[in-house]
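Q: Structure incoming, see below.
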Amino acid sequence: MHRSGETRACPLFAVTGMRCCEITPRAHRGLLGEGVTVVNLTSQAKARGFIVATALGTAALAFGTLPAAAVGNGAQGQAKAAVASPFTLVSGVSGRCMDDPGYVTTNGTQVALWDCNGGANQKWSSTGSGTLTIGGKCLDVAGGATGARTHGTRVVLWDCNGSPSQNWTLNTSAPSAIRNASGLCIDSAMGVGGNGVPLVVWECVGSPSQSWAAK
């Protein structure tokens, strides 16, 4: 159970206060603005995308298909923004985008930073359960579960298979970071932000190179 005012991330939805913030189509439309409060669990209607939900100034982010809730005026937490798929993921270290170089969809393709250009190879989608996809492949960690626990392991594309290494959620100690199931964050190699710099997983430290904005 979560104490009032707590915020944490879940694979399928965000939790604020005592309730899970879920979204109906009606709520999803409302979330395009500021200050909408999400309070109750209701229907099973679904809206794709992800929501950034806040409680007492802290943020929770969850990728995926978000099942539903009503919009009210309670104090359980506020939904600040929602971004529908597809979206770009912009690095805080350089303003460059998470990129599939050459839009290659071969298993093991290294994901890297590149100047944001609006191309299909920078457009990510959420497919539920915390997965992120591009070109029909899932964002993964080289070596799967073993690699997901090792600092410096490459972030790659792979066939979607539902494995924990393909599950990504918010790191609550670094609100804009993207964390894998083993608790490591997506980072740029050596913390630098140049074109072509490969992405890896690393201990979550809240650095700019681990900060990502979805747009």
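Here the UniProt record's numbering is used: position 68 in the sequence shown is 68, and no number is missing along the way.
Virtual Cβ for every residue (Gly too), placed ideally from N, Cα, C.
#1: Go ahead and pull the three-state DSSP assignment for S85.
#2: Within the same chain, show all residues whose beta-carbon is closer than 7 angstroms to that of G135, passing over the 5 residues directly before and after it, in chain order.
#3: Among the candidates S165, A177, V197, whose CA atom is the shortest distance from the CA of C204?
#4: For N167, which residues of its own chain have a beta-carbon under 8 angstroms away from its beta-carbon, when the five flanking residues on both sides are left out?
#5: Cβ atoms of L89 and W124: under 8 angstroms apart, would you say?
#6: Quick one: what's T133 bridged to in DSSP?
#7: Mind checking whether G143 and T153 have CB atoms under 8 angstroms apart?
#8: DSSP on A177, reduced to helix/strand/coil?
#9: Can you give the Cα-Cα distance for K137 and N107, rounded to whole angstroms?
#10: Within a Cβ cutoff of 6 angstroms, which residues of the same chain sit near Q122, ignoring the five residues on either side of it in sequence?
A: Put simply:
#1: coil
#2: The beta carbon of G135 lies closer than 7 angstroms to those of D100, Y103, T105 in the same chain, with the five residues before and after it left out.
#3: A177
#4: P11, S129, G130, T131, N180, A181
#5: yes
#6: S125, C138
#7: yes
#8: strand
#9: 8 angstroms
#10: T88, C97, D99
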